[in-house]
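Novice:
Protein chains in written order, with the working numbering: chain A, 1 to 238; chain B, 239 to 532.
Below, the structure written as structure tokens:
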């Protein structure tokens, strides 16, 4: 299986502070890959540097063997990568449908089919297509953020803490959708603090701590790992 | 009835001047909406548009000079943004504002150099500057055509913002730059578009304004610019309908005050209004509650 995304020795600094200290990881095509770790481990910085919102200070980011480092966000997005940002960040002043159309901003073809596709995935959004996105609940906004990202027909969709601040039942729904999207052929790179859910959903997992990757393996194996259980899954150390 | 017939000329002048302020105010409010920047150079762009007309009309017929004025003003507005604001995109907002003040003085001093400081006679535009009589009031035709023209332009602008793809991108960018970039929106193009629209409307405003007030000096942009700015704040900065309504209210009030014989206080009224608005309703008539961009 070929790797859609290959990150090598990536470093990201803010002023004098190194948030990401030389990490390397792969995202194989068609899989769900997760980066888990505590607050401040550098997960978000990693995603943001892949999509060009922050400039990495070193290393390489290859997407389908093309170097992304140094490209403008709009050009990276055009290559088929999209990010569902942390905190959803829907355009609250626009309607649900306008949000979805913005997701397909770079495309000039007919969007009817894609709108139907995401409305099938998220029937709730169809009911509310004319409402301002700001009137949606948190869970609905998360669905909208994911649907909006799908509208660009991405090859790789990255999600930054999609379960953050949502009720457990909604979180379950978000992960169901992640599996469904993946089943339909979209590769997913998922950043989560909810390690339990993320590892269950993931084919491949990486554990980040203070800017470094400290552990990696199959999602199911990491979920059973005693150290991870102790650190992230709330199990007391013996 | 007697009061009305006596004040009709002032009312008409007020609506007309209000419309001209509105065209300038839209430039302030749109740029603020997207960049959170008070573009202090905007009034001077308006002045430059006047000067371009003065010089263009000496070498070419008016029907060529008018489109030239529109094009040159738009190009200047575009260049100002690219040269003075774009390099400061990630700088603190105060730096951009200081840069805007710098551009304002630069344009004024360039105009001073070109004109030698003398007021330049604005050419009489055929048809627009003709004297006509409506309801027994003798005035220039510009007074009558300004309000419908402003309404037409504002309607076109609102359509552009509400119905087109670039308009949707502008609304998105005004809320959240980063997420807009994630949608593939070219932020710099959207910002340029904003400056192009603002400068275009300021150029139209200058054609109408100077048809009534014939002298163009290097600092002539300051007063209309300031009043348009007050209009934008009064209407709720960032809101286009707010800026337009604010501008009409200010234009009409000023002229009614002149009609009452208190001409000396007509400017003072506008700035007193600014103070009152800032104290009692800082978000203006249609402004959203101030929330800083994240």
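We put the beta carbon where it would ideally sit given N, CA and C, even for glycine. This structure is a prediction, so every number in the text was calculated from the model and none was measured.
(1) So, with DSSP's three-state summary, where would you put residue 120/A?
(2) In the structure shown, what three-state DSSP assignment does residue 291/B receive?
(3) Using Cβ-Cβ distances below 7 Å, what residues of the region 416-438 of chain B are close to chain A?
(4) Assuming residue 7/A and residue 24/A form a contact by the criterion Cβ under 8 Å, report the distance between their Cβ atoms to the nearest whole angstrom.
(5) Using the C-alpha atoms, what's the distance from residue 290/B back to residue 165/A?
(6) For chain A, is any of its Cβ atoms less than 8 Å away from the one on residue 329/B?
(7) Should the region 455-469 of chain B be called in touch with the region 255-274 of chain B, which here means at least 3 C-beta pairs below 8 Å?
(8) Under a three-way DSSP split, which group does residue 3/A fall into?
(9) How would you call residue 243/B, buried or exposed, if buried means at least 16 neighbouring beta carbons within 10 angstroms?
(10) Secondary structure at residue 87/A, three-state DSSP: helix, strand or coil?
(11) Could you give the C-beta distance for residue 115/A and residue 100/A, rounded to a whole number, given that I count them as a contact under 8 Å?
(12) Taking Cβ-Cβ distances shorter than 8 Å, what residues in chain A pair up with residue 379/B?
(13) Would residue 417/B and residue 85/A be called neighbours here (beta carbons separated by less than 8 Å)?
(14) Using a Cβ-Cβ cut-off of 8 Å, state whether residue 413/B counts as contacting chain A.
(15) Taking 8 Å as the CB-CB limit, is residue 406/B close to chain A?
(16) Taking DSSP's pairing of strands, which residues face residue 132/A in a bridge?
(17) According to DSSP, which residues form a beta bridge with residue 376/B?
(18) In angstroms with no decimal places, state the Cα-to-Cα distance between residue 140/A and residue 317/B.
(19) Got a sec? Which residues, its chain only, sit under 8 Å from residue 480/B by beta carbon, not counting five neighbours each side?
(20) Start and end of the beta strand (DSSP E) containing residue 205/A?
(21) Within a Cβ cutoff of 6 Å, which residues of the same chain sit near residue 530/B, ignoring the five residues on either side of it in sequence?
(22) Please give me, in chain order, every unbroken run of the alpha helix (DSSP H) with length at least 4 that falls completely inside the region 269-327 of chain B.
(23) Just the chain B side, please: which residues come within less than 9 Å of residue 105/A by C-beta, in chain order?
(24) My assumption, with CB atoms under 8 Å, is that residue 492/B sits in contact with residue 315/B. Please give the rounded CB distance.
(25) Start and end of the beta strand (DSSP E) containing residue 526/B?
(26) Whole angstroms are fine: how far does the CA of residue 248/B sit from the CA of residue 130/A?
(27) Counting C-beta neighbours from all protein chains within 10 Å, is the total for residue 143/A 16 or more, i.e. buried, or is it exposed?
(28) What runs of the alpha helix (DSSP H), each 4 residues or longer, lie entirely inside the region 7-95 of chain A?
(29) Identify whether residue 111/A lies in helix, strand or coil by the three-state DSSP scheme.
(30) Residues of chain B with CB under 8 Å from residue 85/A, in chain order?
(31) Take residue 465/B and list the residues in its own chain whose beta-carbon comes closer than 7 Å to its own, dropping the five residues that flank it on each side.
(32) Based on DSSP bridge pairs, tell me the residues matched to residue 159/A.
(33) Taking 8 Å as the threshold (beta carbon to beta carbon), is residue 175/A in contact with chain B?
(34) Using 8 Å for Cβ pairs, my map puts residue 202/A next to residue 46/A. What's the rounded Cβ distance?
(35) Give me the subset of the region 70-83 of chain A whose CB atoms are less than 7 Å from a CB atom of chain B, sorted by chain position.
(36) Anything in chain B within Cβ reach of residue 93/A, meaning under 7 Å, just list it in chain order.
Specialist: If we stick to the structure as given:
(1) Position 120 of the first chain holds residue 120/A. Looking at residue 120/A - three-state DSSP - the assignment turns out to be helix.
(2) If you number the second chain from 1, residue 291/B lands on position 53. The answer is helix: DSSP assigns residue 291/B an H, G or I state.
(3) 416, 417, 419, 420, 421, 422, 423, 424
(4) The residue labelled residue 7/A in the question sits at position 7 within the first chain. The residue labelled residue 24/A in the question sits at position 24 within the first chain. That pair is a contact at about 6 Å.
(5) One-based indexing of the first chain puts residue 165/A at position 165. One-based indexing of the second chain puts residue 290/B at position 52. Cα to Cα, the separation comes out at about 57 Å.
(6) Here residue 329/B refers to the residue found at position 91 of the second chain. Chain A, which has no Cβ nearer than 8 Å to the Cβ of residue 329/B, makes this no.
(7) yes
(8) Looking up residue 3/A in the first chain gives position 3. In the structure shown, residue 3/A sits in a strand (DSSP, three-state: E or B).
(9) Against the second chain, residue 243/B aligns to sequence position 5. Under this definition residue 243/B is an exposed residue.
(10) In the first chain, counting from the first residue as 1, residue 87/A sits at position 87. In this structure, residue 87/A counts as coil in the three-state DSSP scheme.
(11) Along the first chain, read from residue 1 onward, the residue named residue 115/A stands at position 115. Along the first chain, read from residue 1 onward, the residue named residue 100/A stands at position 100. About 6 Å separates the two Cβ atoms, so the contact holds.
(12) Counted from its first residue, the second chain places residue 379/B at position 141. Here the premise fails: no neighbours, minimum Cβ distance about 40 Å.
(13) Counting from one through the second chain, the residue named residue 417/B turns up at place 179. Counting from one through the first chain, the residue named residue 85/A turns up at place 85. In contact: residue 417/B and residue 85/A (Cβ atoms closer than 8 Å).
(14) Translated into positions along the second chain, residue 413/B becomes position 175. Closer than 8 Å to some Cβ of chain A, the Cβ of residue 413/B qualifies, so yes.
(15) Mapped onto the second chain, residue 406/B falls at position 168. Interface residue, yes.
(16) Counting from one through the first chain, the residue named residue 132/A turns up at place 132. DSSP lists 95/A as partners of residue 132/A.
(17) Within the second chain, residue 376/B is the residue found at index 138, counting from 1. DSSP lists 371/B as partners of residue 376/B.
(18) Indexing the first chain from 1 puts residue 140/A at position 140. Indexing the second chain from 1 puts residue 317/B at position 79. Using only the alpha carbons, I get a separation of about 42 Å.
(19) Here residue 480/B refers to the residue found at position 242 of the second chain. So the list reads 267, 470, 472, 473, 474, 522, 523, 524, 525, once near-sequence residues are dropped.
(20) The count along the first chain starts at 1 and reaches residue 205/A at position 205. It spans 204-209 - the beta strand (DSSP E) in which residue 205/A sits, taken as one unbroken run.
(21) Here residue 530/B corresponds to residue number 292 of the second chain, with the count starting at 1. The predicted model places residue 530/B with a pLDDT of 46, which falls under 50 and marks its position as unreliable, so this point remains unresolved.
(22) 280-297, 300-318
(23) Looking up residue 105/A in the first chain gives position 105. Result: 403, 406, 407, 410, 418, 421, 422, 423.
(24) Your numbering for residue 492/B matches position 254 in the second chain. Your numbering for residue 315/B matches position 77 in the second chain. Wrong, their Cβ atoms sit about 26 Å apart, outside the cutoff.
(25) The sequence position of residue 526/B within the second chain is 288, counting from 1. Note, residue 526/B: premise wrong, no beta strand (DSSP E); not H, not E.
(26) Translated into the one-based positions of the first chain, residue 130/A becomes position 130. Translated into the one-based positions of the second chain, residue 248/B becomes position 10. Roughly 45 Å between the two C-alpha positions.
(27) Here residue 143/A refers to the residue found at position 143 when the first chain is read from its first residue. Buried: at least 16 other Cβ atoms inside 10 Å.
(28) 43-50, 73-78
(29) Start at 1 with the first residue of the first chain, and residue 111/A comes out as number 111. Looking at residue 111/A - three-state DSSP - the assignment turns out to be coil, as it is neither helix nor strand.
(30) To locate residue 85/A, count along the first chain from 1; it is residue 85. Near residue 85/A (Cβ distances below 8 Å), the residues of chain B are 416, 417, 420.
(31) As a position in the second chain, residue 465/B is number 227, starting the count at 1. If we look at residue 465/B and ignore the five residues flanking it on each side, its Cβ neighbours are 259, 488, 508.
(32) For this step, residue 159/A is matched to residue 159 along the first chain. 84/A, 190/A.
(33) Numbered from its first residue, the first chain carries residue 175/A at position 175. Chain B contact via Cβ: absent.
(34) Stepping through the first chain from its first residue, residue 202/A is reached at position 202. Stepping through the first chain from its first residue, residue 46/A is reached at position 46. That belief does not hold up - the Cβ atoms of residue 202/A and residue 46/A are roughly 15 Å apart, past 8 Å.
(35) 73, 74, 77, 78, 82, 83
(36) Taking the first residue of the first chain as position 1, residue 93/A is located at position 93. Those are 409, 413, listed as they occur along chain B.
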